[in-house]
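Heads up: the sequence shown begins at 21 in the numbering used here, then just goes up one per residue. No residue lacks a Cβ here, since even glycine has one placed at the ideal position from N, Cα and C. Predicted model only: the values in this text are computed from it and were never measured. Take a look at the structure below.
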Amino acid sequence: IVLPTSTIDFLGSTFDCPHKPEAYLRVLYCDFEDVEYTYVDPAAAETRRQADMVK
Numbered sequence: 021i022v023l024p025t026s027t028i029d030f031l032g033s034t035f036d037c038p039h040k041p042e043a044y045l046r047v048l049y050c051d052f053e054d055v056e057y058t059y060v061d062p063a064a065a066e067t068r069r070q071a072d073m074v075k
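So this is what it looks like as structure tokens:
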């Protein structure tokens, strides 16, 4: 159980979540905002990197 809880709006719906979701994700995954590429194919990794940079 994760307490306290809150809600978050995501894709037009409301979901229950930890009160501080970013802090909770850092506890679970450390630096979750940094993308670590694990592709074997360098061309696929480069394509994905470019897609991630598009806003």
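Report task. Measure the C-alpha to C-alpha separation of ARG46 and HIS39 and round it to an integer number of angstroms. Result -> 13 angstroms
Requested in this report: Give the range of the beta strand (DSSP E) segment to which THR34 is assigned.
Outcome: 33 to 38
Report task. Look up ASP72 in the DSSP assignment and say whether it is helix, strand or coil. Result -> helix
Requested in this report: Please report how far the alpha carbon of PRO41 lies from the alpha carbon of ALA64, in whole angstroms.
Outcome: 31 angstroms
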